[in-house]
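Chemist: Note that the UniProt record's numbering gives residue 370 to position 370 of the sequence shown, counting from 1, and the numbers run on in steps of one. Every residue gets a Cβ at the ideal spot worked out from N, C-alpha and C, and that includes glycine. This structure is in structure tokens; I'll ask about it shortly.
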Amino acid sequence: MTRKSPIAGNKHERLRGRVDDLARAKAQLELKVRMLERLAVGRGLDETLQNILDILMETIGATDISVYYRLGEAWHCKGLFAARSFSGDPDDPLVCQAIASRDFVGSAAEPLIASSTENWNFPLLYQGSVVGVVRMQGMILTGANIREDLEPFFRYAALVLLNAINNYQDLVRLNAELEQRVLERTAQLAAANETLMREVEQRKRAQEEVGQLNDSLVRQKTALEVANRELESFSYSVSHDLRAPLRHISGFVTALMEDYGSTLNETAHDYLQRVVVASGKMGDLIDALLKLSRLSRGEMTIDHLDLSNMVREILAVLQGSDPGRQVRVSVADGVTIDGDATLMRAALENLLANAWKYTRRNPAPVIDFGAYREDQRTVCYVHDNGAGFDMVYADKLFGAFQRLHRSEEYEGVGIGLATVQRIIHRHGGTVWAEGKVGEGATFYFSLNQ
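Given below as structure tokens:
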């Protein structure tokens, strides 16, 4: 039969005692945490006082608990069953002693509940000053360390109570100031009423003047509309008058090449072909000028636009027109702005067509569309890894018929970015670009919204 070693038994008993001590310490810590959390949620002075009373009643228990506190020069008391105020010091000598000594004061009395005969008075101190006193009589839960265990709670209660008192006094002061302001404002309103009556007459006269100005604006608007119609008619006439000679030139040159081509040498053929190409470019320039001119006229219809969907539609058209190319595209979702749908589509078509065109020579072309927030505005961008450009010439990008690449390398008439700029400016926005030769370009625009 195996006998248990006395040494092992003692160790076991000490270990069990240590576990019990830790369990009690853990329970006490959890109780303190719950007490402090409960105290922290009080709103207003009365609720803070009631929380202090409730927490102590729930955790310690007593026949009577009161909180003494000072507002200004007067002391007040809130207990479990009643509230009182004092013209001077509190009526309890032990409370006064705790205030004067700024230390705990206790006394033994006749037993009230169970074996408790103590009357405790805890000063609530903040930075050495007495904020209040908690008076507890006839405690249910007592023990050698109960007063020490309550110390953290009372330190925190002092801080919370001081904050509640300060807030209460601030509220009283603000209410008094508000009442005074109301009186002053009432007097000001009475004095201003007479002034207002005079202003009414002045406003009537001003409204008459505004009406006259509105009539003038209507007349100016009508005149502007007439001028726009005349400009449209003039543009059409100019377009027709310019196109007709170009068609004649191109037609006669083509007929000459067809009818007398066999009698012409290679140099003559080259000259005539250049005339045909130049006529075509001239026609494209005329169309571009007219398109650019129209962007400055006409009313805009502002709607909430989903640019992400619009970009996907444009890229699908570009891919359909050039099915042999494999371009990696990335379009951010949910990019929206307020703008004119027709104009914004035209701007995006020009930017994306440029990106499509200038990535043609890159074996792994990439086109990205996205947006970000900056200075409370949405900045949209189109990025590509195409030919790029030298930032030295960035100020020329948006000029009409400005080209940074030869027409033999990339087709176009140099009007696309000027069109983009005019559209963005009509929306009250800005447009700019960044790039590097051989590494691509990024075009940014932001509308005034």
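According to DSSP, is N121 part of a helix, a strand, or is it coil?
Modeler: The residue given as residue 121 occupies position 121 in the sequence shown. Note: N121 maps to strand in three-state DSSP.
Chemist: What is the DSSP secondary structure of S107, reduced to helix, strand or coil?
Modeler: Taking the first residue of the sequence shown as 1, we reach residue 107 at position 107. In the structure shown, S107 sits in a strand (DSSP, three-state: E or B).
Chemist: Could you check what DSSP says for G429 in three-state terms: helix, strand or coil?
Modeler: Counted from its first residue, the sequence shown places residue 429 at position 429. Note: G429 maps to coil in three-state DSSP.
Chemist: Pop quiz: L351 and V382 are said to be a contact at Cβ under 8 Å. What is the actual Cβ separation, rounded to whole angstroms?
Modeler: If you number the sequence shown from 1, residue 351 lands on position 351. If you number the sequence shown from 1, residue 382 lands on position 382. That pair is a contact at about 4 Å.
Chemist: Once you ignore the five residues that flank Y410 on each side, which residues in its own chain have a CB closer than 7 Å to its CB?
Modeler: Here the question's residue 410 lines up with position 410 in the sequence shown. Its pLDDT being 48, under 50, Y410 is placed unreliably by the model, and the measurement read from it follows with that caveat. Same-chain partners within the cutoff: K357 and Y358.
Chemist: Can you tell me whether I113 is helix, strand or coil according to DSSP?
Modeler: If you number the sequence shown from 1, residue 113 lands on position 113. The predicted model places I113 with a pLDDT of 39, which falls under 50 and marks its position as unreliable, so this point remains unresolved.
Chemist: From what residue to what residue does the alpha helix (DSSP H) around R312 run?
Modeler: On the sequence shown, residue 312 is found 312 positions in, with the first residue counted as 1. L307 to S321 is the span of the alpha helix (DSSP H), which, as asked, contains R312.
Chemist: Given this structure, state the Cα-to-Cα distance separating D46 from A192, to the nearest angstrom.
Modeler: Numbered from its first residue, the sequence shown carries residue 46 at position 46. Numbered from its first residue, the sequence shown carries residue 192 at position 192. Using only the alpha carbons, I get a separation of about 42 Å.
Chemist: If you drop the 5 nearest sequence neighbours on each side, which residues of the same chain put their C-beta closer than 7 Å to that of A346?
Modeler: If you number the sequence shown from 1, residue 346 lands on position 346. These residues qualify, in order along the chain: T419 and I423.
Chemist: Taking the alpha carbon of T63 as the reference point, which residue from L80, G72, Y393 and T430 has its own alpha carbon closest?
Modeler: Within the sequence shown, the letter at position 63 stands for residue 63. It is L80.
Chemist: Okay, do the region 153 to 170 and the region 43 to 61 touch, 3+ Cβ pairs below 8 Å being the bar?
Modeler: As far as the Cβ criterion goes, the region 153 to 170 touches the region 43 to 61, which means the pair count is three or higher.
Chemist: Check each candidate in K396, A206 and G435 and name the one with the smallest Cα separation from G416.
Modeler: For the purposes of this step, residue 416 is taken as residue 416 along the sequence shown, with counting starting at 1. Out of K396, A206 and G435, K396 has the C-alpha closest to the C-alpha of G416.
Chemist: On the CB-based measure, 16 or more other CB atoms within 10 Å of its CB, does N214 come out buried or exposed?
Modeler: Along the sequence shown, read from residue 1 onward, the residue named residue 214 stands at position 214. N214 should be labelled exposed.
Chemist: If you pair each beta-carbon of the region 313 to 321 with each one of the region 266 to 280, do three or more pairs fall below 8 Å?
Modeler: The region 313 to 321 is not in contact with the region 266 to 280.
Chemist: Does the distance from the CB of C96 to the CB of D103 come in under 8 Å?
Modeler: Numbered from 1 along the sequence shown, position 96 holds the residue referred to as residue 96. Numbered from 1 along the sequence shown, position 103 holds the residue referred to as residue 103. Their beta carbons are not under 8 Å apart, which means C96 does not touch D103 by this criterion.
Chemist: Give the secondary structure of F86 by DSSP, where H, G and I count as helix, E and B as strand, and everything else as coil.
Modeler: Stepping through the sequence shown from its first residue, residue 86 is reached at position 86. Residue state, collapsed to three classes: strand.
Chemist: Beta-carbon separation of Q376 and F398 under 8 Å?
Modeler: By 1-based counting over the sequence shown, the position of residue 376 is 376. By 1-based counting over the sequence shown, the position of residue 398 is 398. Result no, Cβ atoms of Q376 and F398 do not sit closer than 8 Å.
Chemist: Following the continuous beta strand (DSSP E) through A62, name the residue where it begins and the one where it ends.
Modeler: Along the sequence shown, read from residue 1 onward, the residue named residue 62 stands at position 62. A62 to L71 is the extent of the beta strand (DSSP E) around A62.
Chemist: For S129, write down the residues that DSSP places opposite it in a beta bridge.
Modeler: Looking up residue 129 in the sequence shown gives position 129. Partner(s): Y126.
Chemist: What are the start and end residues of the beta strand (DSSP E) that includes A371?
Modeler: Along the sequence shown, read from residue 1 onward, the residue named residue 371 stands at position 371. It spans V366 to E374 - the beta strand (DSSP E) in which A371 sits, taken as one unbroken run.
Chemist: Whole angstroms is fine: what's the gap from V182's alpha carbon to E199's?
Modeler: Here residue 182 refers to the residue found at position 182 when the sequence shown is read from its first residue. Here residue 199 refers to the residue found at position 199 when the sequence shown is read from its first residue. Near 24 Å, if we compare the C-alpha coordinates of E199 and V182.
Chemist: So for N448, helix, strand or coil by DSSP?
Modeler: Along the sequence shown, one-based indexing puts residue 448 at 448. Looking at N448 - three-state DSSP - the assignment turns out to be coil, as it is neither helix nor strand.
Chemist: Is I65 close to chain B, meaning its C-beta is less than 8 Å from at least one C-beta of that chain?
Modeler: This model lacks chain B altogether; it includes just one protein chain.
Chemist: What is the rounded straight-line gap between the Cα of I113 and the Cα of I140?
Modeler: What you label residue 113 is simply residue 113 of the sequence shown in a count that begins at 1. What you label residue 140 is simply residue 140 of the sequence shown in a count that begins at 1. Reliability fails at I113, whose pLDDT of 39 lies under 50, so the model's placement of it is uncertain and the value that follows must be treated cautiously. One C-alpha to the other measures close to 7 Å.
Chemist: Are N385 and G440 close, meaning C-beta to C-beta below 8 Å?
Modeler: Within the sequence shown, numbered from 1, the residue matching residue 385 stands at position 385. Within the sequence shown, numbered from 1, the residue matching residue 440 stands at position 440. Yes. Within cutoff.
Chemist: Three-state secondary structure (DSSP) at T336?
Modeler: For the purposes of this step, residue 336 is taken as the residue at position 336 of the sequence shown. Of the three classes helix, strand and coil, the one that applies to T336 here is strand, per DSSP.
Chemist: Counting only the same chain and skipping the five closest in sequence on each side, list residues whose C-beta sits under 7 Å from that of I99.
Modeler: Taking the sequence shown and counting its residues from 1, the one referred to as residue 99 is at position 99. Same-chain partners within the cutoff: P123, V130 and V133.
Chemist: The beta strand (DSSP E) that contains D384, what's its start and end?
Modeler: Taking the first residue of the sequence shown as 1, we reach residue 384 at position 384. Start and end: R377 to D384.
Chemist: With DSSP as the reference, identify every bridge partner of H304, one or two as the case may be.
Modeler: Within the sequence shown, the letter at position 304 stands for residue 304. Bridge partners of H304: D338.
Chemist: Assuming S87 and R135 make a contact with CB atoms under 8 Å, what is their CB distance in whole Å?
Modeler: Start at 1 with the first residue of the sequence shown, and residue 87 comes out as number 87. Start at 1 with the first residue of the sequence shown, and residue 135 comes out as number 135. The Cβ separation is near 19 Å, so there is no contact.
Chemist: By how many angstroms is the C-alpha of D390 removed from the C-alpha of D303?
Modeler: For the purposes of this step, residue 303 is identified with residue 303 of the sequence shown, where counting begins at 1. For the purposes of this step, residue 390 is identified with residue 390 of the sequence shown, where counting begins at 1. Cα-Cα distance, rounded: 36 Å.
Chemist: So V329 packs on I367, CB below 8 Å; how close in whole Å?
Modeler: The residue labelled residue 329 in the question sits at position 329 within the sequence shown. The residue labelled residue 367 in the question sits at position 367 within the sequence shown. That belief holds up - the Cβ atoms of V329 and I367 are roughly 5 Å apart, short of 8 Å.
Chemist: Provide the residue span of the alpha helix (DSSP H) that contains S101, from first to last.
Modeler: Here residue 101 refers to the residue found at position 101 when the sequence shown is read from its first residue. From DSSP, the alpha helix (DSSP H) with S101 extends over P93 to S101.
Chemist: Once you ignore the five residues that flank R43 on each side, which residues in its own chain have a CB closer than 8 Å to its CB?
Modeler: Here the question's residue 43 lines up with position 43 in the sequence shown. Answer for R43: no residue qualifies.
Chemist: Just how far apart, CA to CA, sit S115 and N167?
Modeler: Translated into the one-based positions of the sequence shown, residue 115 becomes position 115. Translated into the one-based positions of the sequence shown, residue 167 becomes position 167. With a pLDDT of 43 at S115, under the threshold of 50, the modelled position of that residue is not reliable, and the figure given next carries that caveat. Whole-angstrom Cα-Cα distance: 41 Å.
Chemist: Do V327 and P365 come within 8 Å of each other at the CB atom, strictly closer than that value?
Modeler: Along the sequence shown, read from residue 1 onward, the residue named residue 365 stands at position 365. Along the sequence shown, read from residue 1 onward, the residue named residue 327 stands at position 327. Their beta carbons are under 8 Å apart, which means P365 touches V327 by this criterion.
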